[in-house]
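Take a look at the structure below.
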Amino acid sequence: LTQAQSQAPIPAVAVASASVPEGSSLLEECPFCHRRFRFDRVAKHETRCLAGRARVAKFDAAANLLKNTPGANKIAEARRAMQDPNFRLPPITFKKSAVPCSRCGRSFGPEALEKH
């Protein structure tokens with residue numbers, strides 16, 4: 002070896018593979034995702050490992066809208082209807098007691114119209 006070759010830095014990959022051989026007891030397995038880490042890094046990985054976290058349930062719009070209503074028994078039907086790409090919610094209808102404002106045209110109940 003020449004003096005320049007002996008002073009050249011050794012690539013990190015070569016150092017890592019030389020210092021930690023595969024199957025070494027220095028590598029510990031994460032109990033959640035079963036990946037292997039250096040013994041001094043596995044504890045930090047375990048606290049952040051996504052495989053060990055419970056999955057957040059997907060929001061169910063149909064159940065949220067229909068629970069505790071007379072339409073609660075039609076939740077499954079509503080889910081199927083909402084999967085259609087052309088699905089639109091029906092327009093909101095006012096009770097017959099709603100009265101339009103003569104100035105702005107918005108509809109209000111009798112008591113609310115007096116305050117408006």
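To convert, take the position in the sequence shown, counting from 1, and add 1; that gives my numbering.
Here a beta-carbon is modelled for each residue, glycine too, at the ideal position from N, C-alpha and C.
Since the structure is predicted, the reported quantities are computational estimates derived from the model, not experimental observations.
From residue i to residue j, what distance separates their C-alpha atoms?
i, j, result
"S18", "E78", "Low confidence applies to S18: its pLDDT is 44, below 50, so where it sits in the model is not reliable, and the reading given next is rough at best. Going by the C-alpha atoms only, they are around 58 angstroms apart."
"A82", "D61", "13 angstroms"
"R49", "R56", "14 angstroms"
"F109", "A58", "38 angstroms"
"P32", "F88", "44 angstroms"
"P91", "R107", "19 angstroms"
"H46", "F40", "11 angstroms"
"A13", "R42", "Residue confidence for A13 is low, a pLDDT of 47 falling below 50, so the modelled location carries little weight; the figure read from the coordinates is stated next. Looking at the two C-alpha atoms, the distance is approximately 18 angstroms."
"V16", "R54", "Its pLDDT being 43, under 50, V16 is placed unreliably in this model, and the value from its coordinates should be taken loosely. Cα-Cα distance, rounded: 34 angstroms."
If you follow the alpha helix (DSSP H) that residue i is in, where does it begin and where does it stop?
i, result
"C39", "Note that residue 39 is Arg in the sequence shown, not Cys. Careful: R39 lies outside any alpha helix (DSSP H), inside the beta strand (DSSP E) at 37–39."
"C90", "For the sequence presented, residue 90 should be read as Leu rather than Cys. Counting along the chain, L90 falls outside any alpha helix (DSSP H), and DSSP gives it neither H nor E."
"H46", "43–49"
"A1", "Past the edges of the chain, shown from 2 to 117, lies residue 1, and the structure says nothing about it."
"N65", "62–67"
My guess is that residue i and residue j are in contact by the Cβ rule of under 8 angstroms, so how many angstroms apart are they, rounded?
i, j, result
"R36", "A63", "Incorrect: roughly 38 angstroms between the Cβ atoms, too far for contact."
"S98", "P111", "6 angstroms"
"F38", "L51", "Actually they do not touch by this definition, with Cβ atoms about 15 angstroms apart."
"L67", "K75", "7 angstroms"
"L114", "C105", "Going by Cβ atoms, the distance from L114 to C105 rounds to 11 angstroms, so no, they are not a contact pair."
Give me whichever residues DSSP pairs with residue i in a beta bridge.
i, result
"E30", "R37"
"S108", "P101"
Is there a Cβ of chain B sitting closer than 8 angstroms to that of residue i, yes or no?
i, result
"E112", "Annotation note: the requested chain B is absent from the structure, which comprises a single protein chain."
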